[in-house]
Structure formats: C-alpha cells, structure tokens
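Trainee:
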Amino acid sequence: TLDFTPRPKIRLGEVERLIKRHRIIVPPPSRQTLVRMCEDGTFETAGNGPSSIGWLVFEDSFQKWAKEMDGA
Numbered sequence: 300t301l302d303f304t305p306r307p308k309i310r311l312g313e314v315e316r317l318i319k320r321h322r323i324i325v326p327p328p329s330r331q332t333l334v335r336m337c338e339d340g341t342f343e344t345a346g347n348g349p350s351s352i353g354w355l356v357f358e359d360s361f362q363k364w365a366k367e368m369d370g371a
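Numbering follows my numbering, in which position 7 of the sequence shown is assigned residue number 306; successive positions increment by one, without gaps.
1. Residues in the same chain with beta-carbon distance under 6 Å from residue 307, minus the five sequence neighbours each way, listed in chain order, please.
2. On the DSSP letters alone, give me the boundaries of the beta strand (DSSP E) that residue 356 sits inside.
3. So what's residue 318 in DSSP terms, helix, strand or just coil?
4. Within 8 Å, do at least three Cβ pairs link the stretch 323–331 to the stretch 346–353?
5. Between 305, 368, 311, 317, which has its C-alpha nearest residue 338's C-alpha?
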C-alpha cells in the first residue's frame, strides 16, 4: 500500500478529449492553447513542464477550471 494518497493526473490529450466530449468550449481550444494554459498556471500540473509522457494535469484542477467556465 502507498503511504500517501496521490492526486489523480490526466494527460493533456485526455483534457482535450474531455473538453470535446462534454462540449465545455466549442470549438475546443487548440493544443497550443492548452499547453499555454499549463504554462501560465490555469491548469495545475505535476512539475514545471512536460514529463517524458507530456503534460500531466491534476484532475481536480481541470474540474475546477471546467466549473469556473460555468460561473460556479
């Protein structure tokens, strides 16, 4: 067992897919815009840059952003 509870992380491609699937923004932001959102802190990410498998966005950070888009 783990001695801590890790925060779930999602890859940027999954963020892109969720935005499209749930029609959060239509048309969806470009990949370049999503990368910029990682760089400027809009999405809280694991580390200060992309990992060996790309940007990893904390799932709760993405959910918070999506709710804010609805004014919640």
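Just so you know, even glycine gets a beta-carbon here, dropped at the ideal spot from N, CA and C.
Mentor: According to the data block:
1. 358
2. 355–357
3. helix
4. no
5. 311
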